[in-house]
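Visitor:
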Amino acid sequence: MIDTIVLTLGPEQFSISDHGRFNPSTAGLFQAPYYTLGRNGFVKCVQNPTTDELERGIYRPRLTVTRRIGKLGYITTLRIEFSIPKLIFGNNFDEVSEGQFDDIIKRLYDSLYGMGVVVAPHVLREAPVSSIHYSKNIALTDYSIPYNILKELSKIKLNQKLDLNQTDFRNEGHCLRFRANSYEICLYDKTKDLQKAKISEKRAIERDNAIQFELFDQFKVKRPFEVLRMEIRLGKRAKIKEILKTLNIQAYTTFSELFKESIARQVLLLYLEQIKNGYALLAYHPKSKSQLISDIKIHNPTIKIRKMLQICATKLIIDDIGIREFQEVIKTYGKHNWNRLNNDLLHCKFPEQSFAPIKVMGQSMEDLKPLRLRDFLLNNT
0 MIDTIVLTLG
10 PEQFSISDHG
20 RFNPSTAGLF
30 QAPYYTLGRN
40 GFVKCVQNPT
50 TDELERGIYR
60 PRLTVTRRIG
70 KLGYITTLRI
80 EFSIPKLIFG
90 NNFDEVSEGQ
100 FDDIIKRLYD
110 SLYGMGVVVA
120 PHVLREAPVS
130 SIHYSKNIAL
140 TDYSIPYNIL
150 KELSKIKLNQ
160 KLDLNQTDFR
170 NEGHCLRFRA
180 NSYEICLYDK
190 TKDLQKAKIS
200 EKRAIERDNA
210 IQFELFDQFK
220 VKRPFEVLRM
230 EIRLGKRAKI
240 KEILKTLNIQ
250 AYTTFSELFK
260 ESIARQVLLL
270 YLEQIKNGYA
280 LLAYHPKSKS
290 QLISDIKIHN
300 PTIKIRKMLQ
310 ICATKLIIDD
320 IGIREFQEVI
330 KTYGKHNWNR
340 LNNDLLHCKF
350 PEQSFAPIKV
360 MGQSMEDLKP
370 LRLRDFLLNN
380 T
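Just so you know, we're using numbering that gives the first Met the number 0 here: the sequence shown kicks off at 0 and counts up by one.
#1: Is it right to say LEU291 is buried, meaning 16 or more other beta carbons lie within 10 angstroms of its own, or is it exposed?
#2: When burial is assigned at 16 or more other CB atoms within 10 Å of the CB, is TYR278 buried or exposed?
#3: Mark ARG305 as exposed unless 16 or more other C-beta atoms lie within 10 angstroms of its C-beta, in which case mark it buried.
#4: Classify CYS311 as helix, strand or coil using the three-state DSSP reduction.
#5: Should VAL116 and GLN12 be called a contact, given that it needs their Cβ atoms to be closer than 8 Å?
#6: May I ask whether a heavy atom of the ligand FMN can be found less than 7 Å away from the beta carbon of LEU193?
#7: Starting from ALA138, follow the beta strand (DSSP E) in both directions and report where the run begins and ends.
#8: If we cut at 8 Å on Cβ distances, does ASP51 have a partner in chain C?
#9: Apart from the five residues on each side of it in sequence, which residues of its chain come closer than 8 Å, Cβ to Cβ, to MET253?
#10: Mind pulling the beta strand (DSSP E) runs of 3 or more residues that sit fully within the stretch 53-80?
#11: Go through the stretch 278-365 residue by residue and report every complete run of the alpha helix (DSSP H) that reaches 4 residues or more, in order.
#12: Look up TYR182 in the DSSP assignment and say whether it is helix, strand or coil.
#13: Shortest alpha-carbon distance to SER130 belongs to which of TYR182, ARG178, ASP101?
#14: Name the DSSP bridge partner or partners of LYS43?
#15: Mind checking SER82: buried by the 16 CB within 10 Å criterion, or exposed?
#16: From MET360, LEU271, THR313, ASP319, pick the residue whose C-alpha is nearest to that of ASN338; which is it?
#17: From ILE274 to SER153, what distance separates their C-alpha atoms?
Next comes the structure, spelled out in structure tokens:
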């Protein structure tokens with residue numbers, strides 16, 4: 000449903016009982032001698048979970064207290080970043096549900112208190128959200144593996160339609176990212192990412208993995224069992240508001256308002272639909288050129304003949320030499336020509352093609368049943 004979330008509180012919404020827990024100490028933000036603001040006009044004090052704490056099964060949020068100069072003088076804010084399932088379960092293979100919100104608030108309050116920060120529960124409930132990762136773990140129990148799914152989906156070109164500026168297929172093919180400035184679509188092999196983190200945290204997609212290093216040593220799961228994870232990482236409040244408007248959802252950007260299964264479902268399905276549409280172009284293989292023309296006319300009744308013929312020709316060439324070689328061939332005509340062609344292709348509707356993993360992902364997001372590892376354990380009673 001949701002994994003990582005970032006809450007940002009104003010100066011009147013929190014107090015610090017132990018300045019020494021931060022690096023540097025937050026004392027210099029609130030009492031003389033005060034810190035001198037840096038060249039960028041702000042100073043930061045941080046407190047993060049240590050590797051030792053994580054290895055001992057202790058999960059804490061990442062805290063940043065920042066003081067900067069605003070229009071009305073000095074402003075001090077507290078940024079709270081944490082993985083909700085890691086806070087509750089000690090891992091993020093297990094997923095939380097909407098009914099656990101009260102428990103999440105209590106755990107968060109207790110954790111912050113132990114870090115020398117006091118925030119009232121009602122403040123946490125209505126805290127402004129500056130970033131949120133809607134996510135779903137999809138269990139694959141049919142002998143399919145995330146690598147093959149990600150490799151197939153990596154062929155999709157979503158950049159033009161979704162205002163994305165980068166596509167990464169990395170970590171030896173175990174992660175696929177579609178990136179923009181304010182958000183990211185991320186699909187990856189959950190178990191492989193954990194294995195990467197054991198080698199080096201820098202090689203993993205997630206942070207603070209040490210808390211779940213021994214997860215599969217403690218519990219033996221039934222086979223086959225693979226986990227494909229999809230995350231929609233909304234990195235700015237403006238992007239969150241934009242998505243809510245797109246989905247016609249009336250909600251404030253606060254913790255309690257955004258922690259809803261209905262919102263998570265709609266956000267995940269919105270982007271899965273874009274992936275599905277992008278894949279349709281690659282998966283569609285007409286039996287003849289006349290069928291290609293006929294199918295385009297049927298599925299795009301208002302299309303003009305010139306654009307139809309242009310799309311037909313582009314589709315036939317891409318099928319013959321591949322999309323990357325096609326880009327290379329036409330790049331001498333300017334990037335704008337490819338962008339225009341790509342945009343036309345993405346908006347052109349083709350007959351729906353069946354790709355079983357996308358159906359499995361869609362069903363998982365429709366149901367939004369929290370994945371729990373205990374359901375996949377050997378000798379589970």
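Cβ atoms here follow ideal geometry from the backbone N, Cα and C, with glycine treated the same way.
Guide: Straight from the coordinates:
#1: buried
#2: buried
#3: exposed
#4: Taken through DSSP and simplified to helix, strand or coil, CYS311 comes out as helix.
#5: No.
#6: No copy of the ligand FMN appears in this structure; indeed no ligand is present at all.
#7: 128-139
#8: The structure shown contains no chain C; it holds only a single protein chain.
#9: Before going on, a small fix: residue 253 reads as Thr here, not Met. ARG124, GLU125, ALA126, PRO127, VAL128.
#10: Unbroken beta strand (DSSP E) stretches of 3 residues or longer found wholly inside the stretch 53-80: 61-69, given in chain order.
#11: 288-298, 304-320, 322-329, 334-346
#12: Residue state, collapsed to three classes: strand.
#13: TYR182
#14: THR65
#15: Its Cβ being crowded by 16 or more others within 10 Å, SER82 is buried.
#16: THR313
#17: 10 Å
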